[in-house]
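Colleague: Quick note: the sequence shown uses the working numbering, first residue 592, plus one each step.
Note that CB positions come from ideal geometry on N, CA and C, so glycine has one too.
Since this is a predicted model, take the numbers as computed values, not measurements.
This is the structure I have questions about; it appears just below.
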Amino acid sequence: MSEYRVFAFTGPSTSGKSTLVQHFAHKYNAVVLNVDAYFKRMRDMPPIELDTIHTYNNDCPESVEWKLLLRNFQQIPKNRIIFLDGFILFCEEFFINSVDVLINIEYDFNKDFKIALNRRFKRIYFEDVPADIKSYKPTFHPRFICDYFEQIVWKEAIQHPEYRKPSSWEKPPLTLNATDPLATTVENVDHFLKRFIYTEVQSHESNS
592 MSEYRVFAFT GPSTSGKSTL VQHFAHKYNA VVLNVDAYFK RMRDMPPIEL DTIHTYNNDC
652 PESVEWKLLL RNFQQIPKNR IIFLDGFILF CEEFFINSVD VLINIEYDFN KDFKIALNRR
712 FKRIYFEDVP ADIKSYKPTF HPRFICDYFE QIVWKEAIQH PEYRKPSSWE KPPLTLNATD
772 PLATTVENVD HFLKRFIYTE VQSHESNS
């Protein structure tokens with residue numbers, strides 16, 4: 592069994608980390624733990640006021656059931672590869688210590704906001720953000736989605752890069768651009784992972 596067992600895929604919302612996890616988990620028969628699957632009930636998340644709307648912040652550490660996630664992580668057999676998928680994974684010191692290899696996908700926060708917002712909007716409504724979205728009332732759901740992304744999701748990501756890559760990180764990292772073509776990103780990750788995960792296919796190739 593390789594000494595590299597736990598791989599973290601981190602990045603802001605819509606950066607493409609989950610797409611990569613799904614692709615490579617199938618290839619390497621990895622167990623996937625996604626932080627998004629451990630959100631608390633909405634009413635148990637920190638309340639916030641967004642314009643005139645009372646809502647909840649599900650983009651902060653307090654929104655996640657960390658104890659349950661840790662327990663499930665510790666129950667995974669020691670001979671399995673683990674892929675962790677999370678946007679705030681490293682707010683928990685346990686994962687800083689447990690992760691062996693990091694794949695970090697990042698936006699350029701100075702210029703990529705519209706790209707990221709459009710990805711979030713299309714995920715929900717299957718179309719681009721309307722040019723006149725700000726003309727609608729804040730209570731109009733598509734407008735609310737945009738406001739929440741801008742005022743909560745994006746700001747949280749800017750304020751806490753250490754949740755995605757700790758400043759003291761010394762283990763193997765791969766940093767990717769969230770706006771690169773998917774095919775390029777997949778190719779880069781593929782080459783990177785082959786350094787750490789020894790598969791039966793590689794064994795056959797090396798013995799040929």
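Taking 7 Å as the threshold (C-beta atoms), are T601 and L680 in contact?
Modeller: Their beta carbons are under 7 Å apart, which means L680 touches T601 by this criterion.
Colleague: Spatial neighbours of W760 within its chain, please: CB distance less than 6 Å, with the 5 preceding and 5 following residues excluded, ordered by chain position.
Modeller: So no residue of the chain qualifies.
Colleague: Let me know the beta strand (DSSP E) ranges lying completely inside the region 685 to 739, each 3 residues or longer, listed in chain order.
Modeller: Counting whole runs of 3 or more residues, the region 685 to 739 contains the beta strand (DSSP E) stretches 692 to 697.
Colleague: Compare the beta carbon distance of K756 and N701 with 7 Å and say whether it is the shorter of the two.
Modeller: Taking 7 Å as the Cβ cut-off, K756 and N701 do not qualify as a contacting pair.
Colleague: Leaving out five residues on either side along the sequence, give the residues of the same chain with a beta carbon under 6 Å from the beta carbon of C682.
Modeller: If we look at C682 and ignore the five residues flanking it on each side, its Cβ neighbours are P652, Y754.
Colleague: In whole angstroms, give me the CA-to-CA distance for F598 and H614.
Modeller: The straight-line gap from Cα to Cα measures roughly 14 Å.
Colleague: According to DSSP, is P752 part of a helix, a strand, or is it coil?
Modeller: Note: P752 maps to helix in three-state DSSP.
Colleague: Do N709 and D719 have their C-beta atoms within less than 7 Å of each other?
Modeller: Yes.
Colleague: If the criterion is Cβ atoms closer than 7 Å, does the pair V612 and F664 meet it?
Modeller: No, Cβ-Cβ distance for V612 and F664 is not below 7 Å.
Colleague: What are the start and end residues of each continuous alpha helix (DSSP H) run of 4 or more residues lying completely inside the region 618 to 666, in chain order?
Modeller: Listed in chain order, they are 657 to 665.
Colleague: Mark S604 as exposed unless 16 or more other C-beta atoms lie within 10 angstroms of its C-beta, in which case mark it buried.
Modeller: Per the 10 Å Cβ criterion, buried.
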